[in-house]
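In this note's numbering, the protein residues as written are 5 to 276.
Written as structure tokens, this is what we have:
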């Protein structure tokens, strides 16, 4: 599957660089709760490494900190010179750029295709960002953000059934469903339509109670992949914990992908 087709299906990663407390509380938290895949970046020196690995992403930058406005402009000008960054959609969220400075900032900066939000507050800022995300099809087809956490040794689901403790590895999890790996010798404990109302998922240091119904059972390399649909209504606290785990897991995965790459120490102030 091509990068473009994949992003059309699974949506796009959304990055906020140096977000203010207002942006964090008014925009980011609401986007996460609306099942957008959102990340916060606090150091511009790793930003290009991240965007190169995620070229179909959307990136909202706060240019009021870290660099001068002139230097941020120079920084963004270099995106057009790097074929790996040309597909990134950049938006600007600023409380300090004045209209008189805007024309100069925009000159030659073709990468800003996700708009300018200048001194917007609360609902107006959220509406602006949501409009840009819809324009750029940030959600894709999927309805829920998912963590593919099979390699997380802590991620397990377990429950007691007729004095037998069942414990299985989680393959992936969202706020709507869970996929678990079940050995062939244990698959008789499950069948389509079976409901389990006393299960817990171990996610990092958390033990989170869940209720799920078996939706599908598929053979998978000698074992079975069991897909369960989570009950959301009445289990809001558990869903909140699952969402927090997914955010932590994906963020850690993202930063680990660039941890060995050299940071960007170029002096963009030197550019004309």
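Every residue, glycine too, gets a C-beta built ideally from N, C-alpha and C.
Q: Taking all protein chains shown into account, decide if residue 263 is buried (16 or more other Cβ within 10 angstroms of its Cβ) or exposed.
A: Residue 263 is exposed by the Cβ-count criterion.
Between which two residues does the alpha helix (DSSP H) holding residue 133 run? Where residue 133 is concerned, the enclosing alpha helix (DSSP H) stretches over 126 to 139.
Practice prompt. Select from 22, 235, 36 the residue whose C-alpha is nearest the C-alpha of residue 250.
Written response: Relative to residue 250, the option among 22, 235, 36 whose CA is nearest is 36.
The ligand MG heavy atom lying under 7 Å from the CB of residue 130: Among the components of this structure there are no ligands whatsoever, and the ligand MG is therefore not found.
**Report entry** Opening and closing residue of the beta strand (DSSP E) in which residue 164 lies
**Finding:** Unbroken beta strand (DSSP E) run through residue 164: 160 to 165.
Contacts around residue 78, its chain only, beta-carbon distance under 6 Å, and the 5 residues preceding and following it disregarded:
Excluding five sequence positions before and after residue 78, the CB atoms of its chain that fall closer than 6 Å to its own CB belong to 272, 275, given in chain order.
Roughly how many whole angstroms lie between the Cα atoms of residue 38 and residue 15? Each residue's alpha carbon lies about 13 Å from the other.
Check your understanding: Just to confirm, are residue 218 and residue 198 a CB contact at a threshold of 8 Å?
Key -> One thing to note: residue 218 has its Cβ within 8 Å of the Cβ of residue 198.
Does the count of Cβ pairs from the stretch 252 to 268 and the stretch 60 to 72 closer than 8 Å reach three? Three or more beta-carbon pairs separated by less than 8 Å are not found between the stretch 252 to 268 and the stretch 60 to 72, which leaves the two stretches without contact.
Check whether the Cβ atoms of residue 97 and residue 64 sit closer than 8 Å, and answer yes or no. Closer than 8 Å, so yes.
Quiz item: For residue 73, which three-state DSSP category applies?
Solution: In the structure shown, residue 73 sits in a helix (DSSP, three-state: H, G or I).
### Query
Among the residues of its own chain, which have a CB less than 8 Å from the CB of residue 132, if the five just before and after it don't count?
Taken in chain order, the residues that qualify are 119, 121, 124.
Beta bridge counterpart(s) of residue 230 as assigned by DSSP: DSSP lists 184, 221 as partners of residue 230.
(Q) Are the CB atoms of residue 106 and residue 52 within a distance shorter than 8 Å? (A) Cβ atoms of residue 52 and residue 106: not closer than 8 Å.
request  = Just list the alpha helix (DSSP H) runs in the stretch 48 to 100, keeping only unbroken ones of 4 residues or longer that don't cross its boundaries, in chain order.
outcome  = Those alpha helix (DSSP H) runs which fall completely within the stretch 48 to 100 and span 4+ residues are 51 to 57, 73 to 81.
Hey, is the stretch 231 to 244 in contact with the stretch 197 to 215, meaning 3+ C-beta pairs nearer than 8 Å?
Because the criterion of three Cβ pairs below 8 Å is met, the stretch 231 to 244 and the stretch 197 to 215 touch.
Are the beta-carbon atoms belonging to residue 277 and residue 84 less than 8 Å from one another? The shown model of the chain, from 5 to 276, leaves out residue 277, and the question about it has no answer.
*asked:* Given this structure, state the Cα-to-Cα distance separating residue 93 from residue 238, to the nearest angstrom.
replied: When only Cα atoms are considered, residue 93 and residue 238 end up about 38 Å apart.
Have a look at the DSSP bridge pairing and note the partners of residue 213.
For residue 213, DSSP records a beta bridge to 204.
Q: State the start and end residues of the unbroken beta strand (DSSP E) segment that holds residue 176.
A: 168 to 177 is the span of the beta strand (DSSP E), which, as asked, contains residue 176.
Report the partner residues of residue 19 according to the DSSP bridge assignment.
-> Answer by DSSP bridge pairing, in chain order: 43, 63.
### Query
Roughly how many angstroms separate the alpha carbons of residue 172 and residue 155, rounded to a whole number?
A direct Cα-Cα distance of roughly 13 Å separates residue 172 from residue 155.
### Helix, strand or coil at residue 27 according to DSSP, with G and I counted as helix
Reduced to three states, the DSSP call for residue 27 is helix.
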